[in-house]
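Everything below concerns the one structure shown next.
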Amino acid sequence: MKARIVFGVIIMMFVLVQAAHAVEKNTIQKYFNNTACKVKATDDPAQKREILNKSLQTMSKALARIEKSGMISQDDRAGIDNFKAALQEKQDELMGNNGHERVADAQLNAFADYIVQDMEQAARKVTFSLITLLLIVIILILIL
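Quick note, the numbering used here runs 820 ahead of the 1-based positions in the sequence shown.
Here it is, written out as C-alpha cells:
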C-alpha cells in the first residue's frame, strides 16, 4: 500500500512540474503577444516602435537580473545567453543598429508578429529549468 502511495505521489509531482513548465512558457509567449496587440492597436509608428523597443528591453532586463542572481545552472545560463542574443538581434533590427536595416514604419505590425513567432520558436529551442522560468515571470511582473 505504501509503495502505491509513493508511486502516486511521484507521478503527481511529475505531472505538476510539467504543467507548471508549460504555464510559465505560455506566460512568456503571452507577454510578446500582448506587445503585438498593443502595437497593432496604435496608429503612430513612433509609438509602435517605442512599444516594441520597451518590450524587448524589459525582457532583456529580466534575463540580466536572473543571470546576476546566481540562482541558475550553467545550462540555464547558456539558454538565457542565447535568448538574450535573439532579443538583441530583434532590437537591432527594429532600431537599425549593428548593420541591420531599420524596420520601415509600414512594416511594424508585421515585425511585431515576427517577434512573437520568433520568440516562441526561441523559447522552444532554449530549455530553461522550471525555477528559471518562474524567476523570469516574477521579474517581468515586478518590472511591469
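Idealized CB from N, CA, C, for every residue including glycine.
Asked: Host alpha helix (DSSP H) of Ile900 (start-end); Found: 894 to 915
Asked: 8 Å contact criterion, which Asp938 and Ala906 should meet: CB distance rounded; Found: 7 Å
Asked: Three-way DSSP call (helix, strand, coil) for Arg869 in this model; Found: helix
Asked: Assigned secondary structure, Ala856 (DSSP; H/G/I helix, E/B strand, else coil); Found: helix
Asked: As assigned by DSSP and simplified to three states, the class of Val843; Found: Note that Val843 scores a pLDDT of 42, beneath 50, so its modelled location is shaky and nothing firm can be said.
Asked: Cβ-Cβ distance between Lys860 and Ala926 below 8 Å; Found: no
Asked: C-beta atoms of Ser889 and Lys904 nearer than 8 Å; Found: no
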